[in-house]
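Q: There's a structure below that I have some questions on.
Number of protein chains: 2
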Amino acid sequence: MVVARRTSRDIRSESRLDVLHAVLSAGETTRGAVAASTGLSAATVATVVGELIVEGILVETKTTAGRIGRPTATIAMSAERGRVVGVDVAETYVRAVLFDTALAQLAAVELARDEHDLDPDSVVDAIGRAIDRLLAQERVSRGAVLGVGVALPGLVQGDTGVSVVVPNWSWHTVELDRLRERVGLPLVVDNPLKVIATAELWLGRGRSHTSLVTVNLGTGVGAGIVLEGSILRGATNSAGEWGHSLLVLDGRRCRCGRDGCVEAYVGVPGIQQTLREIAPEHALLALDLQRDFIIGMAEKADEGDAAVSEAIDRTAYYLGSALADLVAVVNPEIVTLTGWTVWRLGEHLLPATRERLLSQSPGGSAQGLEIVVSDVGTSSVATGVATIALERFLADAGLLTTRIPIAL
Amino acid sequence: MVVARRTSRDIRSESRLDVLHAVLSAGETTRGAVAASTGLSAATVATVVGELIVEGILVETKTTAGRIGRPTATIAMSAERGRVVGVDVAETYVRAVLFDTALAQLAAVELARDEHDLDPDSVVDAIGRAIDRLLAQERVSRGAVLGVGVALPGLVQGDTGVSVVVPNWSWHTVELDRLRERVGLPLVVDNPLKVIATAELWLGRGRSHTSLVTVNLGTGVGAGIVLEGSILRGATNSAGEWGHSLLVLDGRRCRCGRDGCVEAYVGVPGIQQTLREIAPEHALLALDLQRDFIIGMAEKADEGDAAVSEAIDRTAYYLGSALADLVAVVNPEIVTLTGWTVWRLGEHLLPATRERLLSQSPGGSAQGLEIVVSDVGTSSVATGVATIALERFLADAGLLTTRIPIAL
Ligand SMILES: [Zn+2]
Ligand SMILES: [Zn+2]
């Protein structure tokens with residue numbers, strides 16, 4: 009078996025990446041704290057931080073007197089190196105977010121998309137328009153943008169272009185070329201599951217846990233998996249397609265064409281179907297857009313609507329069962345929930361989901377398991393893919409060896 | 009996030025372990041082949057092999073003239089360093105296998121167990137008797153046994169002792185102490201899923217693939233998972249409990265107490281249930297022991313028994329569906345099948361299982377996926393746990409730093 013082997017030179021490169029991630033995670037920190045969190049020696053951290061400051065990636069922000077009289081310098085990412093854009097492409101919207109090079113969020117533009125229009129051209133166009141509008145609105149020159157990251161639903165593979173699970177989004181390499189041309193800036197494209205895992209790893213619970221699963225709930229559902237501090241990509245960049253694993257053998261038809269997938273029960277159309285089974289004439293079912301439906305569910309639940317409450321309970325039962333399967337196989341330390349269903353409906357769903365998850369997880373697999381709403385926030389996809397774009401820029405500039413295996 | 013960091017010293021220890029595993033995998037090999045398969049430099053391999061020969065772990069077996077006239081030495085594990093025993097404890101039997109220190113199988117003793125007797129004392133006693141009989145039969149003195157490895161169904165945790173998923177096998181630390189006392193030899197205990205993964209990693213498809221899932225089918229079912237050349241243990245050593253993930257929400261009652269688990273459909277009692285649903289009066293259902301039932305299934309299938317053929321087809325449908333879930337989440341390069349159901353029924357099950365698996369795996373997750381019967385053979389559990397015992401002996405003797413995190 010041949011496994012990639014780390015040489016002394018790799019270790020030096022990885023030290024730089026680890027220091028960068030430690031500073032990124034912390035916001036502002038000290039050399040001592042970086043040494044503690046990375047496990048690197050103080051001497052190595054001092055050397056690497058010095059190099060990264062010379063290269064303009066890190067800055068010293070302030071110096072405070074230490075307890076024994078020696079001043080301690082605070083370090084942070086250099087915010088003014090340039091700008092990075094992260095684009096979250098969902099069925100229902102395109103959201104472009106502007107970041108500085110410390111990955112602080114500066115501004116965002118969101119274009120609502122007609123979720124019924126799945127024409128690749130219109131998706132490419134919406135991405136391009138969102139970026140254009142963002143840069144114009146914030147008066148950022150294109151030259152100042154070091155990189156753009158785009159998270160596309162579906163599987164993204166480096167060698168074969170983009171293949172998308174969503175029916176009718178039959179993207180191929182040609183669409184990717186068209187996207188690259190339309191954006192006209194250095195571009196990385198990745199799978200949203202890998203992107204939310206990146207965000208959770210560097211800016212969320214990955215800062216305190218070495219193995220985690222982060223689950224995205226929206227129109228589609230899926231899982232980002234982090235093991236021993238690394239994102240699980242899988243043999244064909246397809247790991248985490250839990251949304252299309254079985255919940256009910258021969259159950260509801262899923263939009264992927266198979267029957268009984270998790271997504272057919274806990275994706276938004278699945279939640280709509282559950283409400284339809286309980287109350288076929290419910291007013292929420294007349295709403296055209298999925299986001300309005302989910303907002304309505306939260307409001308009606310607060311008002312004590314019995315059918316909605318039962319639909320939420322059933323959804324929690326489905327979700328807890330499906331999460332238990334993930335916990336049984338992967339056995340992570342923590343499960344975090346993200347995505348727009350969670351931001352609207354999370355507090356209603358979480359207690360019953362947790363209860364079902366814990367009762368369904370076999371043996372000791374849920375022992376000590378935490379299940380929480382992700383604290384990365386509503387821009388987790390944009391933030392994650394912007395992180396990848398920044399890392400790619402630093403790698404292309406020869407400033408970093410990246411662990412990112414996908415380069416598009 | 010704190011991740012274990014490799015130092016130069018770790019790299020030296022890991023080089024020794026990698027060389028050892030390379031030689032173990034190859035049987036007989038050369039320094040050059042070890043360098044090629046490990047990615048280590050020729051100089052490092054020469055140094056490490058030299059040290060391991062001095063310590064009596066490796067031997068030079070023969071020297072052949074090279075093409076350019078320089079002789080090439082063949083190296084192998086030293087077989088005569090001592091003996092190692094691997095014990096496979098299943099519901100239906102206890103099998104103790106004697107190995108030399110090159111992990112060649114020398115002899116085996118198998119005691120049939122009454123699968124209805126789940127009393128811990130009788131299990132401890134059966135393990136002890138199997139080892140005693142093996143050593144007596146082969147005239148091996150206890151002093152020559154460097155280590156004994158025992159694979160116990162259930163979850164094995166270093167700090168809390170053994171907890172077992174099988175109902176009525178309520179093993180605790182006290183039973184583990186009793187086992188240690190009864191065996192009276194250096195003992196390691198591990199979970200069969202981790203053990204079959206070890207065997208597949210070092211002696212099976214792990215030699216040619218970096219990510220794999222190996223699935224064990226017997227009374228119970230489960231998956232050993234190897235990612236980037238390492239065994240996935242999980243936060244509580246519970247990874248791979250795929251047998252107790254859902255196949256059918258609210259489906260058949262599983263012996264773990266939950267409903268609809270994979271095991272309730274593709275474990276042997278599940279296959280019996282499937283046949284019962286098709287032909288309640290079938291003669292095979294009158295057999296008392298599960299092994300006789302599986303042997304009978306293979307025979308009747310060969311004879312063209314329609315009910316048996318349908319039961320096998322349905323089982324393949326269940327198995328392919330459940331494997332697709334594992335592939336969706338983990339996205340391995342290869343799936344291998346092992347366990348006594350597979351050895352008897354594998355050729356009948358495999359074609360329809362493969363077809364269902366490939367059609368059910370979402371997106372590109374099954375692209376290029378192989379699914380095969382494991383070639384580790386019928387002693388994979390004993391071999392895997394003997395490998396762990398040998399590695400533990402070498403680590404305890406200070407000859408190796410092991411990656412094995414579980415030490416019991
Ligand atoms: Zn699906
Ligand atoms: Zn079960």
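Going down the list, the sequences are from chains A and B.
Using this note's numbering, the first residue of the first sequence is number 9, and each one after it goes up by one.
Using this note's numbering, the first residue of the second sequence is number 9, and each one after it goes up by one.
Beta carbons: idealized from backbone N, C-alpha and C, even for Gly.
#1: Which first and last residues belong to the alpha helix (DSSP H) in which T46/B is found?
#2: Mark N176/A as exposed unless 16 or more other C-beta atoms lie within 10 angstroms of its C-beta, in which case mark it buried.
#3: Relative to chain A, which residues along the segment 241 to 262 of chain B have a C-beta separation below 7 Å, given in chain order?
#4: Starting from P128/A, find everything on chain B with Cβ-Cβ shorter than 8 Å and list it in chain order.
#5: Is the shortest distance between the beta-carbon of R39/A and the beta-carbons of chain B less than 8 Å?
#6: Given a limit of 7 Å on CB to CB distance, which residues of the segment 325 to 357 of chain B reach chain A?
#7: Can you tell which of A231/B, R24/B, A115/B, R213/B has its C-alpha closest to the C-alpha of V148/B?
#8: With DSSP as the reference, please indicate the residues paired to Q113/A in a beta bridge.
#9: In chain order, what residues of the same chain lie with their CB nearer than 8 Å to the CB of V316/B, ignoring the 5 residues before and after it?
#10: So is the beta-carbon of E271/B under 7 Å away from any non-hydrogen atom of ligand 2?
#11: Is G266/A near ligand 1, going by C-beta to nearest heavy atom under 7 Å?
#12: Using a Cβ-Cβ cut-off of less than 9 Å, give me the residues of the segment 365 to 393 of chain B that come near chain D, in sequence order.
#13: What residues of chain A sit near R448/B, judged by a beta carbon separation below 7 Å?
#14: Helix, strand or coil: how does DSSP classify L297/B here?
#15: Note the first and the last residue of the continuous beta strand (DSSP E) segment covering I4/B.
#16: Cβ of T206/B within 8 Å of Cβ of S373/A?
#17: Report whether the distance from the Cβ of P370/B to the nearest heavy atom of ligand 1 is below 7 Å.
#18: Considering only their Cβ atoms, is the gap separating N224/B from L201/B smaller than 8 Å?
#19: Is any beta-carbon of chain B found at less than 8 Å from that of S149/A?
#20: Between L235/A and chain B, is any beta-carbon pair separated by less than 8 Å?
#21: Going by C-alpha distance, which of E399/A, A403/A, S387/A, A405/A is nearest D96/A?
#22: Can you give the Cα-Cα distance for E399/B and E341/A, rounded to whole angstroms?
#23: Do E183/B and V102/B have their CB atoms nearer than 8 Å?
#24: Quick test of your reading: V31/B and A112/B, contact by CB under 8 Å. State the CB separation rounded to the nearest angstrom.
#25: Distance, Cα to Cα, D267/A vs S253/A?
#26: Looking at R299/A: is its Cβ nearer than 8 Å to the Cβ of W348/A?
#27: Would you mind giving the Cβ-Cβ distance between S329/A and R362/A, rounded to the nearest angstrom? I have them listed as a contact below 8 Å.
#28: Determine the chain B residues that contact S219/A at a beta-carbon separation under 8 Å, and present them in chain order.
#29: Please determine, among F401/A, S23/A, A44/A, the residue with the shortest C-alpha to C-alpha distance to R215/A.
#30: DSSP three-state label for R400/A, please.
#31: If we count the other Cβ atoms within 10 Å of its Cβ and call it buried at 16 or more, is V11/B buried or exposed?
#32: Tell whether a beta-carbon distance below 8 Å holds between A81/A and E68/A.
#33: Which word fits R261/A, buried or exposed, when buried means at least 16 other C-beta atoms lie within 10 angstroms of its C-beta?
#34: Exposed or buried, what is P370/B when buried is set at 16 or more other beta-carbons lying within 10 Å of its beta-carbon?
#35: Would DSSP call G94/B helix, strand or coil?
#36: How big is the Cα-Cα spacing for L25/A and L48/A?
A: Concretely, from the data shown:
#1: On the second sequence, residue 46/B is found 38 positions in, with the first residue counted as 1. Run containing T46/B: 39 to 46, per the alpha helix (DSSP H) assignment.
#2: Position 168 of the first sequence, counted from the first residue, corresponds to residue 176/A. Below a pLDDT of 50, predicted positions are generally treated as unreliable, and N176/A, at 40, falls in that range; the measurement from the model is reported next regardless. N176/A is exposed by the Cβ-count criterion.
#3: G242, A243, T244, S246, A247, G248, E249, W250, H252, S253, L254, L255, V256, L257
#4: The residue given as residue 128/A occupies position 120 in the first sequence. What P128/A touches in chain B: nothing, since even the nearest Cβ is about 17 Å away.
#5: Along the first sequence, read from residue 1 onward, the residue named residue 39/A stands at position 31. Output row for R39/A: interface = no.
#6: The segment 325 to 357 of chain B vs chain A, Cβ under 7 Å: S329, D333, L334, A336, V337, V338, N339, P340, E341.
#7: Position 140 of the second sequence holds residue 148/B. Checked all of A231/B, R24/B, A115/B, R213/B; the closest Cα to V148/B is A115/B.
#8: Indexing the first sequence from 1 puts residue 113/A at position 105. Residue pairing by DSSP places Q113/A opposite F107/A in a beta bridge.
#9: Your numbering for residue 316/B matches position 308 in the second sequence. Within the same chain, V316/B has close Cβ partners L283, H290, L292, M305, K308, A309.
#10: The sequence position of residue 271/B within the second sequence is 263, counting from 1. For ligand 2, a non-hydrogen atom lies closer than 7 Å to the CB of E271/B.
#11: Numbered from 1 along the first sequence, position 258 holds the residue referred to as residue 266/A. As written in the sequence, residue 266/A is Arg, which differs from the Gly given in the question. Flag set: Cβ of R266/A near ligand 1.
#12: Checking the listed chains, one finds no chain D in this structure; the protein chains it contains are A and B.
#13: Since the displayed chain B opens at 9 and closes at 416, residue 448/B lies outside it and no answer follows.
#14: Here residue 297/B is taken as the residue at index 289 of the second sequence, counted from 1. Residue state, collapsed to three classes: coil.
#15: Any property of residue 4/B remains undetermined from this structure, which presents chain B solely from 9 to 416.
#16: As a working mapping, residue 206/B is identified with position 198 in the second sequence. As a working mapping, residue 373/A is identified with position 365 in the first sequence. Not a contact, by the Cβ cut-off of 8 Å.
#17: Translated into positions along the second sequence, residue 370/B becomes position 362. For ligand 1, at least one heavy atom lies less than 7 Å from the Cβ of P370/B.
#18: Translated into positions along the second sequence, residue 201/B becomes position 193. Translated into positions along the second sequence, residue 224/B becomes position 216. Cβ atoms of L201/B and N224/B: closer than 8 Å.
#19: As a first step, residue 149/A is located in the first sequence; it is residue number 141 there, counting from the start. Not closer than 8 Å to any Cβ of chain B, the Cβ of S149/A fails to qualify, so no.
#20: Here residue 235/A refers to the residue found at position 227 of the first sequence. Cβ-Cβ to chain B under 8 Å: yes for L235/A.
#21: On the first sequence, position 88 is the one that residue 96/A refers to. Among E399/A, A403/A, S387/A, A405/A, the Cα nearest to that of D96/A belongs to S387/A.
#22: One-based indexing of the second sequence puts residue 399/B at position 391. One-based indexing of the first sequence puts residue 341/A at position 333. Going from the Cα of E399/B to the Cα of E341/A covers about 28 Å.
#23: For the purposes of this step, residue 183/B is taken as the residue at position 175 of the second sequence. For the purposes of this step, residue 102/B is taken as the residue at position 94 of the second sequence. No; because the gap between Cβ atoms is not below 8 Å, this pair is not in contact.
#24: Residue mapping note: residue 31/B aligns to position 23 of the second sequence, counting from 1. Residue mapping note: residue 112/B aligns to position 104 of the second sequence, counting from 1. Their Cβ separation, rounded to whole angstroms, is 13 Å, which puts V31/B and A112/B out of contact at 8 Å.
#25: Taking the first sequence and counting its residues from 1, the one referred to as residue 267/A is at position 259. Taking the first sequence and counting its residues from 1, the one referred to as residue 253/A is at position 245. Whole-angstrom Cα-Cα distance: 10 Å.
#26: Against the first sequence, residue 299/A aligns to sequence position 291. Against the first sequence, residue 348/A aligns to sequence position 340. Contact flag set, yes.
#27: Taking the first residue of the first sequence as position 1, residue 329/A is located at position 321. Taking the first residue of the first sequence as position 1, residue 362/A is located at position 354. With a Cβ gap of about 12 Å, S329/A and R362/A do not count as contacting.
#28: Taking the first sequence and counting its residues from 1, one reaches residue 219/A at position 211. Residues of chain B passing the Cβ test: G242, A243.
#29: To locate residue 215/A, count along the first sequence from 1; it is residue 207. When each option's Cα is compared against that of R215/A, the closest is A44/A.
#30: Mapped onto the first sequence, residue 400/A falls at position 392. R400/A falls in the helix class under three-state DSSP.
#31: As a working note, residue 11/B is residue 3 in the second sequence. Since pLDDT at V11/B reaches only 44, below the 50 mark, its modelled position is unreliable, and no value is offered.
#32: Sequence index remark: in the first sequence, residue 81/A carries index 73 (1-based). Sequence index remark: in the first sequence, residue 68/A carries index 60 (1-based). Closer than 8 Å, so yes.
#33: Along the first sequence, read from residue 1 onward, the residue named residue 261/A stands at position 253. So R261/A counts as exposed.
#34: Residue 370/B sits at position 362 when you count from the first residue of the second sequence. Buried, by the Cβ-count rule.
#35: Working through the second sequence from its first residue, we reach residue 94/B at position 86. If DSSP states are grouped into helix, strand and coil, G94/B belongs with the strands.
#36: Taking the first sequence and counting its residues from 1, one reaches residue 25/A at position 17. Taking the first sequence and counting its residues from 1, one reaches residue 48/A at position 40. Spanning the two alpha carbons is a distance of roughly 12 Å.
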